[in-house]
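Undergrad:
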Amino acid sequence: MEKIFDSHSHYNDDSFKSDYKEILKHIQDSGVGTVMNVGADIHSSRLAIKQAEENDFMYCSVGIHPHDAIQARDEAIMAELEEMIANPKVKAVGEAGLDYHYDDSWSPEVQKEAFIKQIQLANKYNKPLIIHTRDAMQDTLEILNEYPLKSGVVHCYSGSRESCKQLVKMGLYIGFTGVITFKNARRALESMKVVPLDRLLIETDCPYMAPEPNRGKRCDSSMLHYVAQKMADELGLEKDEIIRITRENAERLFNII
Ligand SMILES: [Zn+2]
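Following the working numbering, the residues of the sequence shown are numbered contiguously, the last one being 558.
Structure, rendered in structure tokens:
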């Protein structure tokens, strides 16, 4: 059986604190071969590295999520982040980007500044950038046009098909979560179909985004079987092929041999 690569997870999240070891064993038993553990601020980035160092099948990224964009104005934090990138377990920068969904978020100016700094960091160290974008596609595309990335992935894709085409044209990979199993997933599924097979990734974004039939529960990487099955059905392929293709794509993107 092909092994699953979960290209975006947060095992550094508090919700995994109590049964973290059991969950990691459970997901490996279920056929998950590799996970990317994603940092979202300086604290969770430190923990992502610690966890990746403790687990052979885990790699990590370090970065500042738009929800914590203000941290990118702190020189000490940015210096620590830059140092962390040299760690051999750190395979990407991020997640970074723009999120205009909530009214109480940092201003677009603060978010853009953090995003651009991390694009530059990713390019400087030849690492891919993990991009988070929500209700901010126009600004995201503008920044990526102005500050082109050497490589990266737009994770948990939720935008339009047209924007998806533009991101693919920029050479980026596109990650899909359990959202594609939801009843109202038409938009995500239409976008998925314009992504070349060699740019597709599957991800949980756990503990969030549990796929059907587990929607609303705490998500973990074992649930990617549902996401892979849905993707396979939509693209007319076998589930095992999707698991193999998305794993090879993730290994290429994150430079994992
Ligand atoms: Zn995430």
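Backbone N, C-alpha and C fix where the C-beta goes; we use that ideal spot for every residue, glycine too.
Is DSSP giving T441 helix, strand or coil here?
TA: It is helical.
Undergrad: Can you tell me whether DSSP reads V469 as helix, strand or coil?
TA: Correct three-state label for V469: helix.
Undergrad: Exposed or buried, what is V363 when buried is set at 16 or more other beta-carbons lying within 10 Å of its beta-carbon?
TA: Classification of V363: buried, given that the 10 Å Cβ count is 16 or more.
Undergrad: Mind checking who S362 pairs with in its DSSP beta bridge?
TA: V339, A393.
Undergrad: For P497, is the classification buried or exposed, using 16 other Cβ atoms within 10 angstroms of its Cβ as the cut-off for buried?
TA: Its Cβ having fewer than 16 others within 10 Å, P497 is exposed.
Undergrad: Whose beta carbon lies closer than 6 Å to any heavy atom of ligand 1, going through the chain in order?
TA: Chain-ordered list of matching residues: H309, H311, V339, E396, D506.
Undergrad: Closest by CA to E303, which one among F555, L554, L525, E535?
TA: Measuring from the Cα of E303, the nearest candidate turns out to be L525.
Undergrad: Enumerated in chain order, which unbroken segments of the beta strand (DSSP E) with a length of 3 residues or greater are wholly contained in the region 479-556?
TA: Here the runs fully enclosed are 501-503.
Undergrad: Is it a yes or a no for the region 451-466 touching the region 488-506, going by three-plus beta-carbon pairs under 8 Å?
TA: As far as the Cβ criterion goes, the region 451-466 touches the region 488-506, which means the pair count is three or higher.
Undergrad: Just verifying my parser: in three-state terms, what is the DSSP assignment at I417?
TA: The answer is helix: DSSP assigns I417 an H, G or I state.
Undergrad: Between the region 375-387 and the region 440-457, are three or more C-beta pairs nearer than 8 Å?
TA: No contact exists between the region 375-387 and the region 440-457.
Undergrad: Consult DSSP for S345 and reduce its assignment to one of helix, strand or coil.
TA: It is helical.
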